Every structure is written in structure tokens, then in C-alpha cells.
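A.B. asks: One structure is given below, represented as C-alpha cells, and several questions about it will come after.
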Amino acid sequence: MNEPLVVLDGVQKNFGDFVAVKRADLTIGTGEFIAIMGPSGCGKTTTLRMLAGLEAPSAGDIRIGGKRMNDVPPHQRDTPMVWQSLALFPFLNVRENVEFGLKMRGVNANERRRRALEWIERLEIGEFAERNIETLSGGQKQRVALARSLVTEPQLLLLDEPLSALDAHLVIRMQGVLTRLQRELGITFVYVTHSHSEAFAMADRVVIMSQGEIAQIGNPREIYRAPANRFVAEFVGRNNILTGTIESSDTNQVTINSALGHFSAPTEDIHQKPGRSASIVIAADMVRITREATTAENTVVATLISEEFVGSIVTLFLEAADGTEFKVQLQERALTDLDIHAGGQFHLSWATTDAHLLPENS
Amino acid sequence: MAASVIRRLNAYALTFRLPIIIWQAIFFIGPLFFMIAMSFFLVKNYRMVEAFEFKNWDKMLSRNYVWDSYWYTLGLAALSSAVASLVAFPAAFALAYRSSESVRRWAIFLLIIPFFTSYLVRTFSWYVILAESGVINAGLGYIGLGPYTMLNTMFGTIIGYMTLTLPLVVILQTVSLASVDRSLIQASQNLGCPPWRTIFAVILPAAKTGLIVAALFAFILSFGDFVAPYYLGGSKPPTLPILIIDTTKAGQQWPRAAVVAVIMMVTLFVVAFTAIMLAYRKRGSK
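Taken in sequence, the protein lines are chains X and G.
136 is the number that our numbering gives to position 136 of the first sequence; each next residue is one higher, with no gaps.
64 is the number that our numbering gives to position 64 of the second sequence; each next residue is one higher, with no gaps.
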């Protein structure tokens, strides 16, 4: 729909023998909120730094707005970044920090001041405009960093784990600030994080990286419901993975045989080779838990190990006879008729249509 | 319980602070007060007599040559501080940003080596190099230049001051530049700051404290130095340290020398205090 603003075309980054980013292809549209997520060392920050020009790609092309950027030095790009460490200038006050980008672009002092104060007000830190950076709290500094990056009104904002140093309740608030800003400004956000909740709460599309490679690109729902491989299924968390061998497959479903019995999942590929090993993923919130046996298509008996409460959502951790771990997620109020206690036996079941067969090569 | 912990802590802290307090009292504060007291003594028949008279102060402060010497020394020390800072900066910059960790470590080690040799010996070695028949003029003579007079000039004095201060200033500047947060430099470039401008927009203000302290050291060392202006500068016009020596030699005028010394101490206090205030000044309110 949109002309892509950013194109990564076979981008690779080597540090000596170490391949930080391996032949990455990615297009990002104007006004998109993209989250790049992965465990530490997966290459997500290196990818972001290449967009800012702080690292040069070893191979491949980076294009922004149709222009090849590989050899454009960072100061000639308009790709401001919000740093994990914030990197605010301690020798400048709040307003001077925000003015910095404008000053570098030769905007005159009055205009600079006016535009900086506008952004300072917009981010609700007006009362701190003339304060020393060190006197601000984490959340306030975060807002200064955002104002400093946005004051030049760029088309593309890069964010490198900007919320990782904040308290949990501030993270939620800042997520609100970020999504609202992104929607109002209509600019592209590329947001690097290792936090699922941040990525899934804010992004239009999520890029999952693992060991320098892009493991999956998709909207949060796709990544959650249809992980492209075992890594994504495990990394996203709250997924149950059952591994076995393919027993049979027909026009719309495949059945595998595992130590815990037979399980089915929908498939579009009718030529599943019987006997090959395959894995089925069932999201934790798709699993029903009951005390009595049910007649559902897919069932497992498991013993409760522990439970975890986050707000009104409860995650139960159970173990099946062969040691396979199961996670079940449900509303807190659904627990009342369940009488949960550690060591209790429960019946888990799910609909075949809620299961997902992992692609073969994963 | 809590009170006894605090008492024990205080006793503990005091045990370790006491030696430095005693040391300072005996070797710094004591002599300082004695020097101030001495500036009010009188000299009769080449012998110092305890007194409390303002004669020495009157005499010294009313003499033009004292003031000429004062401003000359002050200017020379400021010049030395500026030259040392400017000459040291490219070297410190290269060591901090363009060298590997191990090169930096070796360079700092090598910069300490000059201090192994007496400053006086290092100063005298400049004779061989700077004299009219010295190494430089011999070299210039080959291409038909010179000879240039470098000894017994202000140039000579500054060379001497550099011998004293430059290695220290390079070390202090390198350490303070190397400790500037790299993400600040990258952030400035990310916000559109070209590399050369980063030096003025980010590196200098971020390393300000260390750079000012380095310049302050150069000033203090040069201001009180006797060797460079005497042996390489030809002691004309005399700097304050030379004036002190001359005054004590001429008629045992220790009290008048004490006046000059007190003036120097006050000057150093003011300069050091101002420099430190400037070095640690923060932007914005509170």
C-alpha cells in the first residue's frame, strides 16, 4: 500500500569472523511501527545502528526514501535515535539538549527555542525546560530524549530499547506516549527491544531475529498464532510445543503421533510425508483445563506444578506423564470452580483448529 | 545500637584521616602561617627580628618592579598553561580516540618516564639543543638559516615550562578525553553534528573538568617555577620565584621574600579556586 521508506536488501554485518547480521531482507513502509525483537546478541541493535549509519554494512544495500545510504555518514542522515542509555548531553540543560539537532541544522536561536519549547510542552516536561539533566527522573529523561529526537521532525525514528531502564508502571505509560506520538505524527518507528510485551503492545509488525538472522516477520497476531519455526514459538513464550512423527494427513489436517498420544493440526499442505518428525504448537490461552475428562479432539492429562498471577491473567504450569511441560493461560475468575492446588491432576484439551503445525525445516 | 555504630564508624574514619591531617598541619598549614608571620618581621644588621610591622608590605607593594614582575609571571604562567593545553590536545585526542587500548597504556607509561629524571637535568639538556652553536642552529645553518637566539628569551622560558608540564598535561587530558561517554559522541553525529564540530559541541564540554584541571596544573607548576625562567629565560625580566631568590640573597631580606611568597600563594588560591569552580559548574538551575 505504501511506498517502502526503508529497504534492507541482503544486508550483512561481520565483525571479524563473527556474523552479527546475516543477509537480512526487510522493507518498512511510511508510518509503520516496526519492532525488532530477539534475545541479546541476535543482531537487532546492529541492524538499527546500520540504519543510523553508525555501522557500515559488510554486504547488501540499505535504502531510505529510495536513496542508497551505505556510504552516507550518520550526520548527513535524518535518522535520529533514542538510545538505551539515552545519551543526553549532561553539559546542556533540557531545552539546550532538545535544541541540539536544530542548532546543527543552522536554525536561528529564536526559532530553535520556539520549536524546542513546543516539543518540551508536547511531552509534558515544560516545567523542567531550564533544568539540569541530572536532576530529572528516569521517565522525564526519557521524554527529553524523545523530544530531542523528534524536534527535527524526521520521517524515521530509531529507538534502541528506550524503556529498558524504567520501572514497570512507567513502561506502560511511556508505551502509551510512544504509540500516541507515532499515530499523531504518522512517521515510521523502528523499535528494538527484547521485551515481548513492548513489541506486541505497540508494533504494527514485529521482526523476530535470532543469531543474526530474521526468523519471522509478521504482525503480532501472526507471530503469536502461527510461529514460523521452533525458535519463534519458544521465544514468544506461552506456547506449548508437542513433537512427534507424522502419522497421517488428509486434505485439511495432519495428525502426529507423540509419546502423549495423537494430536492434530490444520494444514494446507496435503503432501505431508508420514514418518517425518514434526512439531505442533498450541498457544497457552487456547488450552482448556478441566478436572474431568472431556471428549475433545486433543487431550492430555497433566499435573499442576505452579501458578503465576499477572493482573487478572493466570498462567498455570503443568507437567504431563512423559515430562513435557504445559502452560495454560486463563482469566483469574475462571479458576474459582477449578480448585487448583499443586500436585492436582487436570485434563487439558484444545480444538484442532487452534493448533499450528510448525513448517518442516524448523 | 545505631548510635554506637555511628561512633565506631567515626573512630574508624578518623583513624585513617588523622595521618593526613597531621601531615598537612606540620608541613603545609604550619609553614604557611610561619611565612605569613615572617612577612611582618624586620631585618636589622642582617638579622631577622620578630616584629609586627607593615614595612615590608609597604615597600614591596609600592615598587613598580615587583608589580612588573607580578604581571609578567602571571602572563607567562597563563601563556604556558595555554600553550601546554593546545600542544597537548592533538596528542591526547589521538591517544584517546585514534589508538587502541594497549597503545594508550604504553603511551601513558612513556609519558611518565620523563619524571624519572630530574627536571634540572632535563632543562640543562635544552642548552645543547637551543644554544647558538646547538643542534637546531647547526641544522638550520646547513640550509643557510640562522643562527637564532633561543636561549635567554621568553621562548626559552616557555620551552622550559613545557619540559615541566607537557607530559602531565597530555596524561591528564588523555584520561579525561578517554572517559567521555562514546554514546554522547555518536548521539551528536546522529543529530546532525559533523565530526569536526563534535569536538567543540560535545567532546570539549564533556571533558571540561579534566581539561581545566590539566591547564590549572600547568599554570601552578609554571607560576612557581624557578628553573626555566632562570636557566633558559636568562632571568630578565625576573619572574616572582627569581625575585624571591634575589631578595633573600640581597641583605638577607627573608621577610620581603615572604611578602612575595604570600602574594604568590594568594594568587594561586584565587586561580585554583576559580578554575575548580569553572571546571565543576553545571548547566541549568539546581
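For glycine and all other residues, C-beta sits at the position ideal for the given N, C-alpha and C.
These figures come from a predicted structure and were not determined experimentally.
Please report whether the beta-carbon of Ser40/X lies at a distance below 8 Å from any beta-carbon of chain G.
C.D. replies: No - not a single Cβ of chain G is within 8 Å of the one on Ser40/X.
A.B. asks: Pairs of beta-carbons, one from the segment 114 to 121 of chain X and one from the segment 159 to 169 of chain G, closer than 8 Å: are there three or more?
C.D. replies: The segment 114 to 121 of chain X vs the segment 159 to 169 of chain G: no contact.
A.B. asks: Assuming contact is defined by CB atoms lying nearer than 8 Å, are Leu278/G and Leu221/G in contact in what I supplied?
C.D. replies: In this structure, Leu221/G does not lie closer than 8 Å to Leu278/G by Cβ.
A.B. asks: Can you check the segment 174 to 228 of chain X for any alpha helix (DSSP H) of at least 4 residues that lies completely inside it and give the ranges in chain order?
C.D. replies: The segment 174 to 228 of chain X contains these whole alpha helix (DSSP H) runs: 196 to 202 and 220 to 225.
A.B. asks: Using beta-carbon positions only, say whether Ala284/X and Val301/X come within less than 8 Å of one another.
C.D. replies: Contact flag unset, no.
A.B. asks: Would you kindly check if the distance between the Cβ of Ser39/G and the Cβ of Val262/G is under 8 Å?
C.D. replies: Their beta carbons are under 8 Å apart, which means Val262/G touches Ser39/G by this criterion.
A.B. asks: At which residues does the alpha helix (DSSP H) containing Pro266/X begin and terminate?
C.D. replies: Note, Pro266/X: premise wrong, no alpha helix (DSSP H); beta strand (DSSP E) at Gly261 to Pro266.
A.B. asks: Give me, in chain order, the residues of the same chain whose beta-carbon lies closer than 6 Å to that of Ala296/X; leave out the 5 immediate sequence neighbours on both sides.
C.D. replies: Cβ within range, chain order: Ser349.
A.B. asks: Is Leu14/G buried or exposed, if buried means 16 or more other CB atoms sit within 10 Å of its CB?
C.D. replies: So Leu14/G counts as exposed.
A.B. asks: Output, in sequence order along the chain, the residues in the segment 72 to 84 of chain X whose CB is closer than 9 Å to any CB in chain G.
C.D. replies: The residues in question are Pro73, Pro74, His75, Gln76, Arg77, Asp78, Thr79, Pro80, Met81, Trp83 and Gln84.
A.B. asks: Please classify Lys282/G as buried or exposed, where buried requires at least 16 neighbouring CB atoms within 10 angstroms.
C.D. replies: Classification for Lys282/G: exposed.
A.B. asks: Closest to Tyr65/G by C-alpha separation, out of Val266/G, Lys249/G, Pro255/G and Leu243/G, would be which residue?
C.D. replies: Closest by alpha carbon: Leu243/G.
A.B. asks: Buried or exposed for His271/X, please, with buried defined as at least 16 other CB atoms from any protein chain shown within 10 angstroms of its CB.
C.D. replies: By the neighbour-count rule (16 or more Cβ atoms within 10 Å), His271/X is not buried but exposed.
A.B. asks: What do you reckon, are the CB atoms on Leu240/G and Val260/G nearer than 8 Å?
C.D. replies: For Leu240/G and Val260/G, yes; Cβs fall inside 8 Å.
A.B. asks: So what does DSSP say about Gln12/X, is it helix, strand or coil?
C.D. replies: Strand at Gln12/X.
A.B. asks: Using a Cβ distance threshold of 8 Å, determine whether the segment 6 to 15 of chain X contacts the segment 48 to 64 of chain X, with at least three qualifying pairs required.
C.D. replies: Verdict: yes, contact present.
A.B. asks: Tell me, please, whether the CB atom of Gly176/X is closer than 8 Å to any CB atom in chain G?
C.D. replies: Not closer than 8 Å to any Cβ of chain G, the Cβ of Gly176/X fails to qualify, so no.
A.B. asks: Taking the straight line between their C-alpha atoms, what separation do you get for Asn10/G and Phe16/G?
C.D. replies: Their Cα atoms are separated by approximately 10 Å.
A.B. asks: Excluding five sequence neighbours on each side, which residues of the same chain lie with their C-beta closer than 8 Å to the C-beta of Tyr46/G?
C.D. replies: Excluding sequence neighbours, Tyr46/G sits near Gly251 and Gln252.
A.B. asks: Let me check understanding here. Comparing Cα to Cα, which of Ala178/G, Val202/G and Thr174/G lies closest to Leu86/G?
C.D. replies: Selected option, being the one with the closest Cα: Thr174/G.
A.B. asks: Is the number of C-beta pairs between the segment 13 to 32 of chain X and the segment 200 to 213 of chain X that are closer than 8 Å three or more?
C.D. replies: The segment 13 to 32 of chain X, when compared against the segment 200 to 213 of chain X, does touch it at the 8 Å Cβ threshold.
A.B. asks: Please tell me whether Arg105/X has its Cβ less than 8 Å away from any Cβ of chain G.
C.D. replies: For Arg105/X, the answer is yes, since a Cβ of chain G falls inside 8 Å of its Cβ.
A.B. asks: Do you know how far the Cα of Arg95/X is from the Cα of Ser285/G?
C.D. replies: Confidence at Ser285/G is low in this model, with a pLDDT of 46, below 50, so its placement is unreliable and no value can be given for it.
A.B. asks: Determine the contact status of Met69/X and Gly43/X, defining contact as a CB-CB distance below 8 Å.
C.D. replies: Taking 8 Å as the Cβ cut-off, Met69/X and Gly43/X do not qualify as a contacting pair.
A.B. asks: Any idea which residues DSSP pairs Asn298/X with across the strands?
C.D. replies: Trp350/X, per the DSSP bridge assignment.
A.B. asks: Going by CA-CA distance only, name the one from Arg131/X, Ile246/X, Ser164/X and Ala199/X that's closest to Met37/X.
C.D. replies: Nearest C-alpha to Met37/X: Ala199/X.
A.B. asks: In chain order, what residues of the same chain lie with their CB nearer than 8 Å to the CB of Gly234/G, ignoring the 5 residues before and after it?
C.D. replies: Correct list, in chain order: Leu151, Asn152, Thr153 and Gly156.
A.B. asks: Is the distance from the Cβ of Ile256/X to the Cβ of Lys273/X below 8 Å?
C.D. replies: No.
A.B. asks: In three-state DSSP terms, what is Pro39/X?
C.D. replies: Three-state DSSP puts Pro39/X in coil, outside helix and strand.
A.B. asks: Would you list the residues sitting across from Gln331/X in a DSSP beta bridge?
C.D. replies: Partner(s): Ile313/X.
A.B. asks: With distance defined between alpha-carbon atoms, name the residue in Ile223/X, Ser312/X and Thr290/X nearest to Asp339/X.
C.D. replies: Checking every option, the nearest Cα to that of Asp339/X belongs to Thr290/X.
A.B. asks: Run down chain X in chain order and give the residues with a C-beta less than 8 Å from the C-beta of Asn137/G.
C.D. replies: In chain order: nothing, as chain X lies at least about 46 Å away.
A.B. asks: Using a C-beta cutoff of 8 Å, does Gly192/G count as contacting chain X?
C.D. replies: Gly192/G counts as touching chain X.
A.B. asks: Taking the Cβ atom as the reference point for each residue, do Pro237/G and Ser69/G lie within a distance shorter than 8 Å?
C.D. replies: Contact: yes.
A.B. asks: Quick one: complete alpha helix (DSSP H) runs, 4+ long, within the segment 50 to 75 of chain G?
C.D. replies: Taking only runs of at least 4 residues, the alpha helix (DSSP H) segments lying wholly in the segment 50 to 75 of chain G are 55 to 61.
A.B. asks: Assign Ile280/X to one of two classes, buried (16 or more other C-beta atoms within 10 Å of its C-beta) or exposed (fewer than that).
C.D. replies: Ile280/X is buried by the Cβ-count criterion.
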